[in-house]
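Enquirer: The structure is given below, and queries will be raised subsequently.
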């Protein structure tokens with residue numbers, strides 16, 4: 028029987044799934060979990076615990092949940108607590124509003140596929156408050172995290188047009204969800220490079236170069252912009268955003284604005300500008316550009332990744348296409364109702380005069396201040412090392428330093444069949460227990476090497492990590508020089 | 028500007044999304060929500076409230092959540108309650124176990140893409156207990172409901188083989204997730220008809236007829252079986268399952284066993300047999316058949332749809348394919364951790380001797396007993412009406428009665444461009460406020476007409492519905508005869 032051909036084999040498996048790559052959950056991360064087990068089992072290592080700087084996972088790194096959010100969620104799950112004096116009235120009011128809008132008064136029932144009306148309306152208010160321009164709640168589609176929303180929009184483009192594959196422009200370096208999803212959907216990928224020498228800035232001349240190249244092999248139809256940047260940590264200026272919108276208008280591209288780090292801006296002279304706001308304020312003809320903007324409960328100060336909640340705001344979409352988009356989404360039913368409740372709490376935080384206001388602000392600011400401190404620390408430390416340069420982390424939760432690897436290290440890496448930056452990351456992992464992600468997982472200019480580290484470790488551990496890192500790096504460079 | 032061609036239009040939209048149909052969220056359901064709003068606004072109708080029998084949504088229909096499950100979930104969200112004397116120790120123990128296995132001790136962190144190890148291990152134990160045959164936790168993949176798991180398995184087949192489109196056999200009538208997903212992925216659909224005259228039985232001769240037809244236009248690679256049946260409510264006999272497994276073996280088909288209603292069996296001489304158990308017990312060569320079995324937290328006695336949790340158990344999959352399958356899933360990160368915690372609570376219920384055992388059993392049995400009562404009531408009532416026949420609801424949450432529509436009704440329906448059963452459903456909705464789903468949304472033998480009703484309304488309302496339904500139906504048949 029063993030020799031019988033299985034009906035699903037490597038020869039007849041969907042080739043897109045075979046091809047796709049996702050470095051954030053690749054062999055390095057797998058090895059890190061193996062090491063963690065080995066440590067538990069008492070295997071001797073040059074270190075006693077893993078230090079994870081590989082994932083944008085705030086709570087995993089010791090960040091404490093925001094009390095107000097968890098109070099609201101505890102009550103919607105267990106409504107008997109609505110009478111519990113332990114909980115403040117503003118949290119109770121949010122919980123009641125959510126329960127009243129659930130069918131049967133239970134978060135155990137399905138909602139509309141695009142989310143509860145009350146959540147969508149609250150998100151629209153949140154956007155209006157942020158941008159000072161109107162938002163229509165019917166343009167807000169609640170999703171199982173931003174990743175889910177991004178996939179559902181990209182999926183709309185998955186077809187040939189006039190005999191050409193549809194193409195999507197993505198930044199390099201990028202968050203690997205994009206490259207993997209394009210492969211999955213059979214979409215062509217058009218790389219545009221961020222300019223490391225200009226703090227990972229986005230240069231319109233580079234966009235023009237990239238699209239000209241792209242047009243030789245596909246039909247460019249959309250552009251992805253990540254702001255603040257992942258893995259690169261830059262925050263785009265308003266002028267830069269205007270240039271991108273003009274470019275999209277001229278080339279008739281749909282803009283996908285990944286704005287999940289909008290609350291994570293650390294440099295004093297940087298400010299988050301949403302594509303929606305800038306596009307609206309630019310007026311005609313640029314305010315007709317089709318745009319989907321993505322937000323998530325997983326980042327910011329709340330970091331509630333585990334709840335899988337986010338949304339897309341979709342504007343200027345052809346109404347008939349929108350009907351199809353919503354129909355396509357409806358097959359998968361709604362996203363987690365607790366996730367929706369989480370999104371509601373975040374977009375409807377305690378206001379001045381409400382009982383939780385002070386403590387909410389205090390918790391939120393403590394987290395953002397601490398991130399700011401680490402953001403400053405990270406570039407400073409890496410720039411003080413030999414053979415590393417690092418742009419400032421203006422926003423998001425990452426630094427993406429460049430490492431200048433000695434030719435001997437590159438040679439050894441290649442002899443092991445590894446990308447040089449992945450080889451570096453493996454060495455770091457085995458010697459220090461620090462887990463980062465090699466730059467090749469995100470893309471980089473050929474011949475350059477980087478890695479991504481988060482700034483999410485709590486400050487003391489983060490300091491320890493930077494010390495151990497410095498020691499390792501100095502040793503590594505010395506050994507291979 | 029108005030005349031400018033949008034970059035995403037009906038002409039260049041992914042055609043699969045244009046084509047796909049999903050009756051469970053179509054115009055009828057949209058109209059029902061509109062009517063609900065009109066009622067709130069005071070618009071006069073021949074009824075004062077909507078009666079929803081269209082969705083398998085237990086809590087929406089007034090079913091009360093199981094206390095134990097919600098206690099566990101409240102504590103994992105709000106760990107301060109681990110010290111609250113209100114909660115029983117067994118619920119606390121479950122909550123602690125879940126929190127201990129979360130990174131950073133918070134359900135706000137990401138888990139492994141296939142779910143927390145502790146949840147997968149608990150599910151494997153639950154399967155072993157159910158089937159009496161071994162289950163490997165590494166074959167359990169936690170998902171955002173069964174729909175998510177089903178899509179991820181079907182996606183593996185989305186490619187041509189030897190120049191032929193891959194095909195999947197699905198029952199007719201079927202749950203429309205399947206037809207919609209096949210369209211979405213460009214997979215060919217091979218219909219096999221359930222035999223209404225034999226209580227929606229599954230006849231192997233019909234499978235052979237269907238696959239022979241299918242082979243003329245595609246490469247059949249998988250078969251979907253829904254047991255207990257949705258929308259048809261039948262429970263397959265062990266012998267029938269053995270026949271299907273033999274057929275799958277002979278034709279080298281991958282089996283997708285949709286077993287989300289495994290706890291919903293009402294007739295005394297019916298028993299749920301999992302495909303996994305039957306296949307294993309059949310021994311060689313049948314125990315090598317590739318199988319994915321799906322389960323959900325949304326159905327059964329718990330009905331926690333809003334948490335979006337479920338799993339696939341995948342056996343006999345080629346190990347290399349499995350690596351690809353897991354890699355493909357990993358791009359979407361993990362499913363909701365609260366959903367995972369819900370799955371954990373359901374697969375690890377209070378045991379004899381634990382403090383919540385009695386109350387848990389009482390709540391669970393009350394729900395299942397009440398469903399059983401309504402299951403008996405539904406077929407009896409419909410069979411007492413003129414021009415309707417209805418097979419018994421042996422399991423699941425639905426009846427799928429056949430309506431013998433007068434030719435005049437069919438004529439009027441067609442003149443309005445509606446399917447006759449959809450016309451019937453619209454008339455019922457507008458006249459009585461009862462919302463069901465027309466049979467054409469699930470598929471039916473050409474020239475026959477059906478509808479699906481749930482049995483989820485609480486017993487008093489359910490009785491009222493059946494009375495109003497009888498009245499409407501008598502009137503309808505009279506008017507069109």
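Residue numbers (this note's numbering), protein chains in the order written: chain A, 28 to 508; chain B, 28 to 508.
Here a beta-carbon is modelled for each residue, glycine too, at the ideal position from N, C-alpha and C.
Predicted model, so just to flag it, every value in this text is computed and none were measured.
1) Exposed or buried, what is residue 223 (chain A) when buried is set at 16 or more other beta-carbons lying within 10 Å of its beta-carbon?
2) Tell me, to the nearest whole angstrom, how far the beta carbon of residue 249 (chain B) is from that of residue 283 (chain B); I am working on the premise that it is less than 8 Å.
3) Give the residues from the segment 130-159 of chain B that approach chain A closer than 9 Å (Cβ to any Cβ), ordered along the chain.
4) Please list, in chain order, the chain B residues whose beta carbon lies closer than 8 Å to that of residue 363 (chain A).
5) Does DSSP classify residue 322 (chain A) as helix, strand or coil?
6) What three-state label does DSSP hand residue 82 (chain A) in the structure shown?
7) Spell out whether any CB of chain B is found under 7 Å from the CB atom of residue 241 (chain A).
8) What does residue 462 (chain A) reach in chain B if we use C-beta pairs closer than 9 Å?
9) Please classify residue 411 (chain A): is it buried, with 16 or more other beta-carbons within 10 angstroms of its beta-carbon, or exposed?
10) Is the shortest distance between the beta-carbon of residue 42 (chain A) and the beta-carbons of chain B less than 7 Å?
11) Would you mind working out which of A:476, A:507 and A:470 sits nearest residue 219 (chain A), comparing C-alpha positions?
12) Quick one: what's got a C-beta closer than 6 Å to residue 440 (chain A)'s C-beta in the same chain, skipping five residues either side?
13) Answer yes or no: does any C-beta atom of chain A fall closer than 7 Å to that of residue 489 (chain B)?
14) Could you spell out the range, first to last residue, of the beta strand (DSSP E) harbouring residue 445 (chain A)?
15) On the DSSP letters alone, give me the boundaries of the beta strand (DSSP E) that residue 197 (chain B) sits inside.
16) Measure from the C-beta of residue 55 (chain B) to each C-beta in chain A and report whether the shortest distance is under 7 Å.
17) Against residue 97 (chain B), what residues of chain A qualify as contacts under a CB-to-CB distance less than 7 Å, listed in chain order?
18) Measure from the C-beta of residue 186 (chain A) to each C-beta in chain B and report whether the shortest distance is under 7 Å.
19) Check this for me: beta carbons of residue 342 (chain B) and residue 81 (chain B), under 7 Å apart or not?
20) Buried or exposed for residue 506 (chain B), please, with buried defined as at least 16 other CB atoms from any protein chain shown within 10 angstroms of its CB.
21) Would you say the segment 273-283 of chain B touches the segment 402-410 of chain B, given that touching needs at least three Cβ pairs under 8 Å?
22) How about residue 122 (chain B): is its C-beta nearer than 7 Å to some C-beta of chain A?
23) May I ask which residues mark the beginning and end of the alpha helix (DSSP H) holding residue 95 (chain A)?
24) Give me the chain B residues within the contact set of residue 354 (chain A), using Cβ-Cβ distance strictly less than 8 Å, ordered along the chain.
25) How about residue 567 (chain B) and residue 377 (chain B): do their beta carbons lie closer than 7 Å?
26) What are the boundary residues of the beta strand (DSSP E) that residue 218 (chain A) is part of?
27) I think residue 383 (chain B) touches residue 95 (chain B), with their Cβ atoms under 8 Å apart; what is that distance to the nearest whole Å?
28) What does the Cβ neighbour count give for residue 291 (chain B), buried or exposed, with the cut at 16 atoms within 10 Å?
29) Suppose you measure from the CA of residue 271 (chain A) to the CA of residue 231 (chain A); what does that come to, to the nearest Å?
30) When you compare the CB of residue 479 (chain B) with every CB in chain A, is at least one pair closer than 7 Å?
31) Using a beta-carbon distance below 7 Å, is residue 314 (chain B) in contact with chain A?
32) Under the rule that 16 or more other beta-carbon atoms within 10 Å means buried, what is residue 443 (chain B), buried or exposed?
33) Would residue 83 (chain A) and residue 481 (chain A) qualify as a contact pair, given that the criterion is a beta-carbon distance under 7 Å?
34) What residues are listed by DSSP as bridge partners for residue 285 (chain B)?
35) Is the beta carbon of residue 416 (chain A) sitting closer than 7 Å to the one on residue 429 (chain A)?
36) Using the beta-carbon of each residue, which ones in chain B are nearer than 8 Å to residue 92 (chain A)?
Expert: The structure says:
1) As a first step, residue 223 (chain A) is located in the first chain; it is residue number 196 there, counting from the start. Under this definition residue 223 (chain A) is a buried residue.
2) If you number the second chain from 1, residue 249 (chain B) lands on position 222. If you number the second chain from 1, residue 283 (chain B) lands on position 256. Confirmed, Cβ separation roughly 6 Å.
3) 130, 131, 132, 133, 134, 135, 136, 137, 138, 139 and 140
4) Locating residue 363 (chain A) in the first chain gives position 336, counting from the first residue. Chain B residues near residue 363 (chain A): 171, 333, 334, 335, 363, 365 and 366.
5) Numbered from 1 along the first chain, position 295 holds the residue referred to as residue 322 (chain A). Looking at residue 322 (chain A) - three-state DSSP - the assignment turns out to be strand.
6) Mapped onto the first chain, residue 82 (chain A) falls at position 55. DSSP places residue 82 (chain A) in coil when its eight states are reduced to three.
7) On the first chain, position 214 is the one that residue 241 (chain A) refers to. Output row for residue 241 (chain A): interface = no.
8) Position 435 of the first chain, counted from the first residue, corresponds to residue 462 (chain A). Near residue 462 (chain A) there are no residues of chain B at all, since even the closest Cβ is about 12 Å away, more than 9 Å.
9) Here residue 411 (chain A) refers to the residue found at position 384 of the first chain. By the neighbour-count rule (16 or more Cβ atoms within 10 Å), residue 411 (chain A) is not buried but exposed.
10) Translated into the one-based positions of the first chain, residue 42 (chain A) becomes position 15. Yes, because at least one Cβ of chain B sits closer than 7 Å to the Cβ of residue 42 (chain A).
11) Within the first chain, numbered from 1, the residue matching residue 219 (chain A) stands at position 192. The residue with the shortest Cα to Cα distance from residue 219 (chain A) is A:470.
12) Residue 440 (chain A) sits at position 413 when you count from the first residue of the first chain. Same-chain partners within the cutoff: 447 and 450.
13) The residue labelled residue 489 (chain B) in the question sits at position 462 within the second chain. Interface criterion not met: the Cβ of residue 489 (chain B) is under 7 Å from no Cβ in chain A.
14) On the first chain, position 418 is the one that residue 445 (chain A) refers to. It is not in any beta strand (DSSP E) - residue 445 (chain A) carries neither H nor E in the DSSP assignment.
15) Translated into the one-based positions of the second chain, residue 197 (chain B) becomes position 170. 191-199 is the span of the beta strand (DSSP E), which, as asked, contains residue 197 (chain B).
16) One-based indexing of the second chain puts residue 55 (chain B) at position 28. Output row for residue 55 (chain B): interface = no.
17) Residue 97 (chain B) sits at position 70 when you count from the first residue of the second chain. Going along chain A in sequence order, the residues near residue 97 (chain B) (Cβ under 7 Å) are 104 and 105.
18) Locating residue 186 (chain A) in the first chain gives position 159, where the first residue counts as 1. It does; some Cβ of chain B falls within 7 Å.
19) The count along the second chain starts at 1 and reaches residue 342 (chain B) at position 315. The count along the second chain starts at 1 and reaches residue 81 (chain B) at position 54. Not in contact: residue 342 (chain B) and residue 81 (chain B) (Cβ atoms no closer than 7 Å).
20) Numbered from its first residue, the second chain carries residue 506 (chain B) at position 479. The residue in question, residue 506 (chain B), is exposed, as its Cβ has fewer than 16 Cβ neighbours within 10 Å.
21) Cβ pair count under 8 Å is below three, so no.
22) Here residue 122 (chain B) refers to the residue found at position 95 of the second chain. Residue 122 (chain B) does not count as touching chain A.
23) Here residue 95 (chain A) refers to the residue found at position 68 of the first chain. For residue 95 (chain A), the enclosing alpha helix (DSSP H) starts and ends at 94-104.
24) Within the first chain, numbered from 1, the residue matching residue 354 (chain A) stands at position 327. Within 8 Å Cβ-Cβ: 44, 47, 49 and 52.
25) Look at the range of chain B in this structure, 28 to 508, and you will see that residue 567 (chain B) is not part of it.
26) The count along the first chain starts at 1 and reaches residue 218 (chain A) at position 191. Taken as a continuous stretch (DSSP letters only), the beta strand (DSSP E) holding residue 218 (chain A) covers 215-220.
27) Within the second chain, residue 383 (chain B) is the residue found at index 356, counting from 1. Within the second chain, residue 95 (chain B) is the residue found at index 68, counting from 1. With a Cβ gap of about 5 Å, residue 383 (chain B) and residue 95 (chain B) count as contacting.
28) Within the second chain, residue 291 (chain B) is the residue found at index 264, counting from 1. Buried: at least 16 other Cβ atoms inside 10 Å.
29) On the first chain, residue 271 (chain A) is found 244 positions in, with the first residue counted as 1. On the first chain, residue 231 (chain A) is found 204 positions in, with the first residue counted as 1. Those two C-alpha atoms are separated by around 7 Å.
30) As a working note, residue 479 (chain B) is residue 452 in the second chain. At a cut-off of 7 Å between beta carbons, residue 479 (chain B) makes no contact with chain A.
31) Working through the second chain from its first residue, we reach residue 314 (chain B) at position 287. Residue 314 (chain B) does not count as touching chain A.
32) Your numbering for residue 443 (chain B) matches position 416 in the second chain. Result: exposed.
33) Residue numbering aside, residue 83 (chain A) sits at position 56 when the first chain is read from its first letter. Residue numbering aside, residue 481 (chain A) sits at position 454 when the first chain is read from its first letter. Cβ atoms of residue 83 (chain A) and residue 481 (chain A): closer than 7 Å.
34) By one-based count along the second chain, residue 285 (chain B) stands at place 258. In the DSSP output, where bridge partners are listed per residue, residue 285 (chain B) has B:253 and B:321.
35) Taking the first chain and counting its residues from 1, one reaches residue 416 (chain A) at position 389. Taking the first chain and counting its residues from 1, one reaches residue 429 (chain A) at position 402. For residue 416 (chain A) and residue 429 (chain A), yes; Cβs fall inside 7 Å.
36) As a first step, residue 92 (chain A) must be located in the first chain, where it is residue number 65. Under the 8 Å cutoff, chain B gives 133 and 135.
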